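K.L.:
One structure, as structure tokens, below. Some questions next.
See below:
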């Protein structure tokens, strides 16, 4: 379930929350995504990047605001991951999400030096997130059974 929530959230921030039935949080994240996407012209710069027009990316994008997008994106995916089951995830899993956010931010900072910076940073972030999600897919369970939770002694 965690990996499915992560994949939904990778597709679009807020979709993982919809998968987890957190409708208010999903609506808020979708509205923030819409605002950030339209402010930094994300769809346009992805298209330009995929066509190889790196020089036009910097003319089209609002780079000051683009620095915040990787953190927002990774935070929404982490929230979907962490909220997917009744027990909290293994606390070590967050390291992968932090590294993914840092990688995305560094790619924005050094985007002029990276070929196809938007696609490259996106695939790097998603790869790191999925790696952590698969490694730490299991929930951290309480050490002692809680009465009524279905665990046997």
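Numbering (UniProt numbering), first residue to last: 1 to 153. Even for Gly, the Cβ is constructed at its ideal location relative to N, Cα and C. Since the model is a prediction, treat every value here as computed from it, not as a measurement.
Which of the three DSSP states, helix, strand or coil, is assigned to residue 70?
P.N.:
The sequence position of residue 70 within the chain shown is 70, counting from 1. Reduced to three states, the DSSP call for residue 70 is helix.
K.L.:
Do residue 111 and residue 3 have their beta-carbon atoms positioned less than 8 Å apart in this structure?
P.N.:
Stepping through the chain shown from its first residue, residue 3 is reached at position 3. Stepping through the chain shown from its first residue, residue 111 is reached at position 111. Against a cut-off of 8 Å, the Cβ pair of residue 111 and residue 3 comes out as no contact.
K.L.:
Quick one: which unbroken alpha helix (DSSP H) runs of 4-plus residues sit fully inside the segment 33 to 81? Chain order, please.
P.N.:
With a minimum length of 4 residues, the continuous alpha helix (DSSP H) runs that stay inside the segment 33 to 81 are 42 to 50, 54 to 60 and 63 to 66.
K.L.:
Could you tell me which residues DSSP puts in a beta bridge with residue 115?
P.N.:
Taking the first residue of the chain shown as 1, we reach residue 115 at position 115. Residue 115 is not bridged to any residue.
K.L.:
Along the chain, where does the alpha helix (DSSP H) that runs through residue 100 open and close?
P.N.:
As a position in the chain shown, residue 100 is number 100, starting the count at 1. Element bounds for residue 100: 94 to 109.
K.L.:
Smallest Cα separation from residue 114: which of 39, 53, 16 and 128?
P.N.:
Start at 1 with the first residue of the chain shown, and residue 114 comes out as number 114. It is 53.
K.L.:
Which residues bound the alpha helix (DSSP H) around residue 19?
P.N.:
For the purposes of this step, residue 19 is taken as the residue at position 19 of the chain shown. Counting along the chain, the alpha helix (DSSP H) containing residue 19 begins and ends at 15 to 19.
K.L.:
Spatial neighbours of residue 93 within its chain, please: C-beta separation below 6 Å, excluding the five flanking residues on both sides.
P.N.:
Start at 1 with the first residue of the chain shown, and residue 93 comes out as number 93. 132 and 136, listed in sequence order.
K.L.:
How big is the Cα-Cα spacing for residue 97 and residue 42?
P.N.:
The residue given as residue 97 occupies position 97 in the chain shown. The residue given as residue 42 occupies position 42 in the chain shown. Those two C-alpha atoms are separated by around 21 Å.
K.L.:
Looking only at C-alpha atoms, which of 88, 63 and 72 sits nearest to residue 30?
P.N.:
The residue given as residue 30 occupies position 30 in the chain shown. Nearest option by C-alpha distance: 72.
K.L.:
Residue 5 lies in the alpha helix (DSSP H); which residues open and close that run?
P.N.:
As a first step, residue 5 must be located in the chain shown, where it is residue number 5. Element bounds for residue 5: 2 to 11.
K.L.:
What does the alpha-carbon distance come out to for the pair residue 87 and residue 75?
P.N.:
In the chain shown, counting from the first residue as 1, residue 87 sits at position 87. In the chain shown, counting from the first residue as 1, residue 75 sits at position 75. Straight-line Cα distance between these residues: approximately 19 Å.
K.L.:
Exposed or buried, what is residue 1 when buried is set at 16 or more other beta-carbons lying within 10 Å of its beta-carbon?
P.N.:
Counting from one through the chain shown, the residue named residue 1 turns up at place 1. Flag for residue 1 reads exposed.
K.L.:
Looking at C-alpha atoms only, which residue of 25, 117 and 67 is the closest neighbour of residue 79?
P.N.:
Looking up residue 79 in the chain shown gives position 79. Cα-wise, what sits closest to residue 79 is 25.
K.L.:
Tell me, please, which residues DSSP counts as bridged to residue 86.
P.N.:
For the purposes of this step, residue 86 is identified with residue 86 of the chain shown, where counting begins at 1. Its beta-bridge partners do not exist; DSSP assigns none.
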